[in-house]
Amino acid sequence: MSTIDLFGLTLAFYGAMPPPRPPRPNRNGATWAAALVFGGICIAMVGPMITIWSFHRPYAEAKARCIQSGGRVLYAALDGSGPYRCDHPAAAAHLVKPAD
Numbered sequence: 014m015s016t017i018d019l020f021g022l023t024l025a026f027y028g029a030m031p032p033p034r035p036p037r038p039n040r041n042g043a044t045w046a047a048a049l050v051f052g053g054i055c056i057a058m059v060g061p062m063i064t065i066w067s068f069h070r071p072y073a074e075a076k077a078r079c080i081q082s083g084g085r086v087l088y089a090a091l092d093g094s095g096p097y098r099c100d101h102p103a104a105a106a107h108l109v110k111p112a113d
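Residue numbers (this note's numbering): 14 to 113.
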């Protein structure tokens, strides 16, 4: 053991003792009741959102029909999420005027 270690160990015993730990507070029933009420409100708000998300229209069938009919799936968002539309280039060809 070096002198620095011995010096630090010696000084550790000269420090003041920490104050005694205060007694634990009594458990309050109102706190548990409030926690149950707030937890119930959170569950009541999240429950319908989970239900709504589970009933979303499956887009796989609509995408397959679009591709099968010769269309192309175009997304509104760049990352491929969100709404999309089926673009049929052949169907829009009659809207273009021929050059004179």
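A virtual CB, placed ideally from N, CA and C, is assigned to each residue, including glycine.
Beta-carbon proximity list for residue i, same chain, < 7 Å, skipping 5 on both sides
i	result
G42	none
E74	none
K76	V86
Top-ranked residue by Cα proximity to residue i, from the options
i	options	result
Y88	D100, I63, A48 and D18	D100
Cβ-based burial, residue i [other Cβ within 10 Å; buried from 16]
i	result
C55	exposed
8 Å CB neighbourhood of residue i in its chain, flanking five on each side removed
i	result
Y72	Y97
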